[in-house]
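Residue numbers (our numbering): 6 to 285. What follows is a single structure, written as structure tokens, with notes after it.
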Ligand code: PLP
């Protein structure tokens with residue numbers, strides 16, 4: 006496994022950052038996860054654009070130019086043998102000589118990290134069955150549009166879901182659906198497809214955007230609108246989207262079947278469209 010750390014490629018096991026690194030101390034860092042299909046990064050420009058947006062949101066200068074990011078991603082893919090995988094990138098505000106909350110105390114260079122992780126193809130049997138999810142209060146902060154590594158709430162929610170034999174926690178805030186603990190959420194209800202609109206409470210998912218444009222290109226109406234918790238619970242179909250889960254049907258919600266308890270017809274269509282898009 007070859008990783009990248011501050012301008013150098015080295016074995017992942019040897020890639021180490023100082024204890025005073027602000028990513029370690031404060032989660033003062035942003036990241037991206039980019040899916041790779043047969044050696045090709047999917048939606049790479051969109052991921053780099055979002056990374057740039059995250060960096061600007063936390064007032065951190067981009068340590069690499071856009072071309073630098075795509076070269077780095079392609080280099081990591083090549084050095085790790087290509088195939089199906091995910092590239093992880095992280096930028097932290099660096100490692101100053103003392104712990105201090107104030108971001109201005111970090112005057113040195115940012116820390117830039119990249120590595121690859123294998124991504125096994127999603128088992129068709131799991132897709133046919135769909136996954137279970139639980140509904141939970143969205144306990145995260147108010148700027149979930151920033152892809153920050155400060156993920157303690159998401160981590161606890163993932164553990165809570167797992168402890169309840171579920172694969173994802175679907176989050177509600179002020180009586181409305183926001184997103185999953187590590188995914189965006191789509192619902193089919195009353196014959197229409199909907200997903201919550203982009204706002205500070207949710208991450209602007211790359212897969213979400215792709216699904217929206219694939220739907221539009223194929224004359225499948227989809228609304229970006231608020232979804233009340235009651236509508237979520239009564240939905241005919243629920244899907245999760247993310248770079249690693251692609252588009253995944255949720256067939257049980259808090260132990261109750263979603264719709265008829267099997268992946269729905271509209272999911273089947275969008276899944277095929279997304280498959281064609283990731284593999285073209
Ligand atoms: N929402 C959250 C909280 C996430 O962590 C993720 C990604 O893992 C997503 C949504 C989906 O985003 P993307 O499709 O860009 O992977």
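Using N, Cα and C, we set each Cβ at its ideal position, and we do this for glycine too. As the structure is a prediction and not an experimental result, all values here were calculated from the model.
Ranked by Cα distance from residue 31, the first of 56, 270 and 103 is 103. The beta carbon of residue 258 is closer than 6 Å to those of 138 in its chain, skipping five residues each way along the sequence.
Residue burial is scored here from C-beta neighbours: residue 146 has fewer than 16 other C-beta atoms within 10 angstroms and is therefore classed as exposed.
Here residue 172 carries a coil assignment [DSSP, helix/strand/coil].
Boundaries of the beta strand (DSSP E) harbouring residue 142: 136–142, taken from the DSSP string. C-alpha of residue 282 to C-alpha of residue 112: approximately 42 Å in a straight line. Shown here, residue 16 sits in a strand according to DSSP, grouped into three states. Within its own chain, the residues whose Cβ lies closer than 7 Å to the Cβ of residue 241, once the five positions on either side in sequence are excluded, are 193, 194, 264 and 269, listed in chain order.
In the DSSP annotation of this structure, the continuous segment of the alpha helix (DSSP H) that includes residue 79 starts and ends at 71–84.
Residue 252 and residue 46 have their alpha carbons spaced roughly 17 Å apart. Contact between residue 125 and residue 188 does not hold, since their C-beta atoms are separated by about 18 Å, which reaches or exceeds 8 Å.
The DSSP assignment places complete alpha helix (DSSP H) segments of no fewer than 4 residues inside the region 149–225 at 157–168 and 211–222, in order along the chain. Bounds of the alpha helix (DSSP H) holding residue 273 are 270–283.
A check of alpha carbon separations from residue 144 across 120, 206 and 6 identifies 206 as the nearest. Bounds of any alpha helix (DSSP H) do not take in residue 247; it lies within the beta strand (DSSP E) bounded by 242–247.
Boundaries of the alpha helix (DSSP H) around residue 50: 49–62. DSSP places residue 97 inside the beta strand (DSSP E), whose first and last residues are 90–97. Residue 175 and residue 60 have their C-alpha atoms spaced approximately 27 Å apart. In this structure the region 273–280 lies against the region 205–225, because at least three pairs of beta carbons, one per stretch, are closer than 8 Å. Looking at the DSSP output, residue 229 bridges to 200. Within the same chain, 42 come within 7 Å of residue 284 by CB-CB distance, once the 5 residues on both sides are set aside. The three-state secondary structure of residue 126, taken from DSSP, is coil. Leaving aside the five residues that flank residue 170 on each side, the residues in its chain whose CB is nearer than 8 Å to its CB run, in chain order, 137.
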